[in-house]
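Novice: Got a structure for you, questions after.
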Amino acid sequence: MRQLSGSLLTFSILLFLLTNCKVSQQTTAPPPPDQDTVRLALDSIPPEKETFLITQAGDTLDTLFQEVEISIERLLPDTVTIMAVGDIMMGTQFPNKSYLPLNNGEYLWDDTRDLLASADITFGNLEGTLLDGEGDPKECNNPDACYLFKMPTRLATNLVDCGFDLLSVANNHANDFGPVGRKATRQTLDSLGLTSAGSTEYPYTIAKIGDLKVGFVAFAPNKGTLTFYNVEYARSIVTMLDSLSDLVIISIHGGAEGAKNMHVTRAREFYFGEDRGNIYEFSHAMIDAGADLVLGHGPHVVRAMEVYKNRLIAYSLGNFLTYGRFNLKGANGEAPLLEVQTKPNGEFIGGRIHSFYQAYSRGPLKDERKQVMKNIQKLSREDFPENEILIDDEGRIIYIQN
């Protein structure tokens, strides 16, 4: 995670607590904060100062506003570079420790570490929990085919070494070990200075990354996560984040899984009876509400990319680093690393698809054949013939109007 220090004078002041709010027992997230309340809280800040609000949305509104950080000057870059990857599961100690990598798995990141860390903002989907204790494992009809992911907390230092800033915890493995697992995951990431969003308790946040105020929210269709079923509620969150941030990034874990489901259908998708959403409509709705970049994952394979209203949507980034208990055959083993350049306000400039592939005993390895790029290139042409971008044979994403 990169911090732009400059000649900044910073200090923090504690905001007020909003009282008389009971803890919700529902799996839905709390309503977004009242913008008038936010503005009122900032009235005492001298107008010549730049202000930045960090929110940590919880089940109780008294945890929504934690601190205000003030700096003399905030210099925004002309271009923001974002690195984004799909699913990350660094090894699990469930059902036993045979599914853990050697030496804390540092070697799994050898081919991608420097590239990931080179961006202004680095994003990934954390597929599973960070937990050392027992937790409350989900029940499985067949324990031999029970896929629950419990990553030792020590493995999370790899995320810091690779420069990750934003991590989605909204996916179908977020609740593998119940509230205990979700809490341990959050505490581990917080202790390392990593920003996460997407749980029932903490569905969204605004993070300071360098001099940028980055709004971040993550959605999934699963228990313990912020779901995407209530589109109007999702809009209200994104609109609020847009009003307080320079850049708003959306993570969506949805869509049917596997190589037979690589196309964007523009319809509601189901997988083994579970409603996996209409990701096309939802992505467009989020950009209409103020989102600047939509990063999808969930199908375990890649999908197309498109530009809508000058904003990029990557419908699925597939698997990236998934050690041990994942199917990595064919398209499931393809691991793209998406590089995106935007203006500070989120308008898409261009990008690049870096191609990697996974082997069972190794992390993502550089793919000179560029197979995953070719798949995204082909899918984007087929699913979005009206697309405002083209992907050339080197993997560059070229915005036609530029």
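Numbering (full-length UniProt numbering), first residue to last: 1 to 402. Note that beta-carbon positions come from the ideal geometry of N, C-alpha and C, so glycine has one too.
1. How far does the beta strand (DSSP E) with Gly86 in it reach, from first residue to last?
2. Less than 9 Å between the beta carbons of Gly124 and Leu159, yes or no?
3. Pull up the distance between the alpha-carbon of residue 456 and that of Val238, whole angstroms please.
4. Using the three-state DSSP reduction, which class does Glu139 fall into: helix, strand or coil?
5. In the structure shown, what three-state DSSP assignment does Val169 receive?
6. Measuring alpha carbon to alpha carbon, tell me which of Leu116, Arg182, Gln377 ends up nearest Met83.
7. From His284 to Tyr308, what does the alpha carbon distance come to, in whole angstroms?
8. Could you tell me whether the segment 315-323 touches the segment 342-353, where touching means 3 or more Cβ pairs closer than 8 Å?
9. Measuring CB atoms only, is the segment 218-233 touching the segment 262-280, in the sense that at least three cross pairs come out at less than 8 Å?
10. Starting from Glu334 and walking both ways along the beta strand (DSSP E), at which residues does that stretch end?
11. Could you tell me how far apart the beta carbons of Val180 and Asp136 are, in whole angstroms, since I believe they sit closer than 8 Å?
12. Would you call Tyr360 buried or exposed, if buried means 16 or more other Cβ atoms sit within 10 Å of its Cβ?
13. On the CB-based measure, 16 or more other CB atoms within 10 Å of its CB, does His173 come out buried or exposed?
14. Where do the ends of the alpha helix (DSSP H) carrying Asn158 lie?
15. Beta strand (DSSP E) containing Tyr107: first to last residue?
16. Please state the DSSP three-state secondary structure of Ile400.
17. Short of 8 Å in beta carbon distance, which residues of its chain neighbour Arg311, apart from the five on each side in sequence? Order them along the chain.
18. Would you give the residue range spanned by the alpha helix (DSSP H) that Asn375 belongs to?
19. Relative to the alpha-carbon of Leu244, which residue among Tyr271, Gly258, Asn230, Ile206 has its alpha-carbon at the smallest distance?
20. What is the rounded straight-line gap between the Cα of Met262 and the Cα of Gly318?
21. Is Arg186 helix, strand or coil by DSSP?
22. Pick helix, strand or coil for Phe282, following the three-state DSSP scheme.
23. Classify Asp242 as helix, strand or coil using the three-state DSSP reduction.
24. For Glu201, tell me which candidate among Asp211, Val214, Thr227 has the shortest Cα-Cα distance.
25. Use the C-beta contact count for Arg268: other C-beta atoms within 10 angstroms, 16 or more gives buried, fewer gives exposed.
26. In the DSSP assignment, find the alpha helix (DSSP H) that holds Leu115 and state where it starts and stops.
27. Could you check what DSSP says for Glu232 in three-state terms: helix, strand or coil?
28. Between which two residues does the beta strand (DSSP E) containing Glu269 stretch?
29. Name the residue from Tyr399, Gly255, Ile389 whose alpha carbon lies nearest to the alpha carbon of Tyr271.
30. Name the DSSP bridge partner or partners of Ser199?
31. DSSP beta-bridge partners for His253?
32. Are the Cβ atoms of Val372 and Val302 separated by less than 9 Å?
33. Where DSSP assigns a beta bridge to Lys329, which residues make up the other side?
34. Leaving out five residues before and five after Leu131 in sequence, what residues of the same chain have Cβ atoms less than 6 Å from its Cβ?
35. Looking only at its chain, what residues have a beta carbon closer than 8 Å to the beta carbon of Asn332, apart from the 5 residues adjacent to it on each side?
36. Run through DSSP, which three-state label would Asp275 get?
Specialist: Put simply:
1. 80-89
2. yes
3. Outside the shown range of the chain, which is 1 to 402, sits residue 456, and nothing can be said about it.
4. coil
5. coil
6. Leu116
7. 7 Å
8. no
9. yes
10. 334-342
11. 6 Å
12. exposed
13. buried
14. 157-161
15. Looking at the DSSP string, Tyr107 is not in any beta strand (DSSP E), and its letter there is neither H nor E.
16. coil
17. Ile287, Ala291, Asp292, Leu293, Val294, Gly346, Glu347, Phe348
18. 371-383
19. Ile206
20. 10 Å
21. helix
22. helix
23. helix
24. Thr227
25. exposed
26. 113-117
27. helix
28. 269-271
29. Gly255
30. Thr225
31. His297
32. yes
33. Partner(s): none; Lys329 has no beta bridge.
34. Lys150, Phe177, Gly181, Ala184
35. Gly258, Ala259, His300, Val301, Gly318, Asn319, Phe326
36. strand
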